[in-house]
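Chains as they are written, first to last, in the working numbering: chain A, 60 to 344; chain B, -17 to 215.
Beta carbons are placed, not taken as given, at the ideal position from N, Cα and C, and that holds for glycine.
Quantities reported herein were computed from a predicted structural model and do not represent experimental measurements.
The structure appears below as structure tokens.
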């Protein structure tokens, strides 16, 4: 193990400029990928915030007893898609309208009877906030005898679906392209480092080193470079995030766990690139 | 120690590098392999240390048949062969001692034993005082001595030298050649490829001459046939 560490460290000591260049290249390749990750993360957060507003309102027939509505809440909350159902009385509805529609204050003051019906407001669980599930729940709600009307903003939910699909495709295609580009850049960088030491590899073989013995320091070297590149990318991403966010633009950054996963991703890429490069080299010398 | 039986080596474009080469080097023997550039000397050596395989025929080295050698067994064969080249092939960023120690590290020798063995063999080639020098701080002759020390450190029964004096002046050549003779005197079979005929003439060692990939002269056969009353050349 000590020998392995020493051999891996030697590669940094031996060619510090090339090693720094490798780490920087890996760092920038992952930085671009990370930037896209940040955009995707914030896009997802924004979508989640919009999705949270997806709600189905079931207006109740006038005179529906509270006990019946309460029993219905139990039934509705048993639906697998439903997160919660809330009973809004006629008075609550009027009070809310007074607060939300200030410009119609005079109209509300002139009312002798409350025209607003009681309702059940139903929120769905994440993952069920698309038009298909919303429509399915609405159809089931329509089966209740005391349901006067069901509203859920059909067009709006459909548009949200479309937005979600477009975002998904964009993240998949562009993110995939960035990821592939990073893998190619990192692979080429590590391969250059391996080629730089091809003479050393041939001498190692000459004195009877096994392929495993030759490969191990390169794997460690690739993993360390990948990890350092990943760390550099996280720092660069944080710098970009800090420079852009603030003021009106409120963005999110990766959580600590996501940052660690990102560095781990860099490490794995470095490891995989080394493994492929050395493997290829060993097959050809 | 080394046996070639009807070995042919063809290159991808069809040219024959070796044609029906057969010879045997016994334990403790010193053999010169001579011939012009391109005669096939280096090919013979490469087949011995399994850097290449014969197209047909059989090569046996120290108990290993290289034709049927599994890839994972090649390092085992190479640890039983010491090899030196004209261009030394030292690791430039390691000291003389580290270069020698490296050949022990690959075999998994304990660290404490490595230092002792490396220093002992450097002393044997007369370079103990320069153990901590880097190759570029050494003369050509000294670099070749380090390479010899590295090749010797695992006590190989077979020692291959591919034009080991090709880059050296006369004095260094004499020193390196004497070292190879000492190694042989200790019981190691030495096969030295060279086109330096002055060196060959200095001794009575067996000589195998290659020409266009074929053995055209083997002094052992000559002497045995001379004994029978017929000279080959």
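- Residue 288(A) sits buried, since 16 or more C-beta atoms from the chains shown fall within 10 Å of its C-beta.
- Along the segment 114 to 134 of chain B, the positions whose C-beta sits under 7 Å from a C-beta of chain A are 132, read in chain order.
- Excluding its 5 nearest sequence neighbours in each direction, residue 341(A) has C-beta neighbours in its own chain below 6 Å: 270, listed in chain order.
- Interface criterion not met: the Cβ of residue -6(B) is under 7 Å from no Cβ in chain A.
- Exclusion of the five residues before and after residue 77(A) leaves 252, 255 as the residues of its chain whose Cβ lies within less than 7 Å of its Cβ.
- Within the segment 251 to 266 of chain A, contact with chain B at the beta-carbon level (separation under 9 Å) is assigned to 258, 259, 261, 262, 263, 264, 265, 266.
- At a cut-off of 7 Å between C-beta atoms, residue 188(A) does not count as an interface residue with respect to chain B.
- When only Cα atoms are considered, residue -16(B) and residue 80(A) end up about 47 Å apart.
- Rounded to whole angstroms, residue 334(A) and residue 257(A) show a C-alpha spacing of 15 Å.
- Residue range 114 to 119 is occupied by the beta strand (DSSP E) that includes residue 114(A).
- Restricting attention to 272(A), 84(A), 220(A), 244(A), the CA atom closest to the CA of residue 292(A) is found in 84(A).
- In the DSSP assignment, residue -12(B) forms no beta bridge with any residue.
- In the structure shown, the three-state DSSP call for residue 154(A) is helix.
- In the structure shown, the three-state DSSP call for residue 147(A) is strand.
- For residue 172(B), the enclosing beta strand (DSSP E) covers residues 171 to 175.
- The beta carbon of residue 83(A) sits no closer than 7 Å to any beta carbon of chain B.
- For residue 77(A), the uninterrupted alpha helix (DSSP H) segment begins and ends at 75 to 110.
- Within the DSSP secondary-structure output, residue 172(A) pairs in no beta bridge.
- Three or more Cβ pairs closer than 8 Å define a contact, and the segment 69 to 79 of chain B meets that threshold against the segment 119 to 136 of chain B.
- In terms of Cα proximity to residue 133(B), the closest of 177(B), 62(B), 36(B) is 62(B).
- Residue 266(A) sits in coil when the DSSP states are folded into three classes, being neither helix nor strand.
- Contact between residue -5(B) and residue 196(B) does not hold, since the beta-carbon distance rounds to 19 Å and is not under 8 Å.
- Under a criterion of Cβ atoms nearer than 7 Å, no residue of chain B is adjacent to residue 339(A); the nearest Cβ is some 15 Å distant.
- Residue-level contact by beta carbon holds for residue 71(B) and chain A, with a gap shorter than 7 Å.
- Judged by DSSP in its simplified three-state form, residue 6(B) adopts strand.
- The beta carbons of residue 117(B) and residue 74(B) sit about 5 Å from each other, so the pair counts as a contact at 8 Å.
- Under the three-state reduction of DSSP, residue 180(B) is assigned to helix.
- When C-alpha distances from residue 69(A) are compared across 195(A), 280(A), 119(A), the shortest belongs to 280(A).
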